[in-house]
Each structure stands twice: as structure tokens, then as C-alpha cells.
Amino acid sequence: MQFNHETRISAERTTVQRLLGPSDVAKWLGVSAGRVRDHATRKEPRLRAVQVGKFLRFRPEDIEDFLRTCTGEIGN
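So, in C-alpha cells, the structure goes:
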């Protein structure tokens, strides 16, 4: 992939979002980190994950989507 001037400008305008680790997600959901990894790699419903090298990372909006899938809503 080649990067040109427009690609660099586009990347500069992009907001960097913090990715969560399995233990962060586990605390959020009240489950073990192992259960988070299971749902990210093999169990249904599938929890979307980003693989960074050998590590799994999670976007907060993907966790919210997962909760909507499991419960039908997110309580505020």
C-alpha cells in the first residue's frame, strides 16, 4: 500500500480511539477475561475484536453492539 499526500492528511484528521484489552472488557461485562476471549474467537454471539500482533483488542462501540445483541438494549 502506498501512502500519498491525501492519505496522510486523512490520517491526521482521524480521531484516535483507545482500544480495550480483554481484562478491561471483562470488568465492564462482569465476566472473566477468558470468557471475553472465547466470545471473540469461537463462541456465539461473536464479540468483534481487533488483532494487534498476538493481542486481542476491542473497540468500545463493538462491546455496546455485543450487549445490544445479547440483551436487546443498553441500560443507562
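Mapping of the sequence shown onto numbering that gives the first Met the number 0: position 1 corresponds to residue 0, and the numbering continues sequentially without gaps. For glycine and all other residues, C-beta sits at the position ideal for the given N, C-alpha and C. All of these numbers come straight from a predicted model, not from anything done at the bench.
Item                                                                                                             : Value
Please state the DSSP three-state secondary structure of Val30.                                                  : coil
Can you give the beta carbon distance from Leu19 to Pro59, rounded, assuming they're within the 8 Å contact cut? : 7 Å
Helix, strand or coil for Leu55 per DSSP?                                                                        : strand
From the DSSP output, in three-state form, read off Leu46 for me.                                                : coil
Compute the distance between the beta-carbons of Val49 and Val35, then report whether it is under 8 Å.           : no
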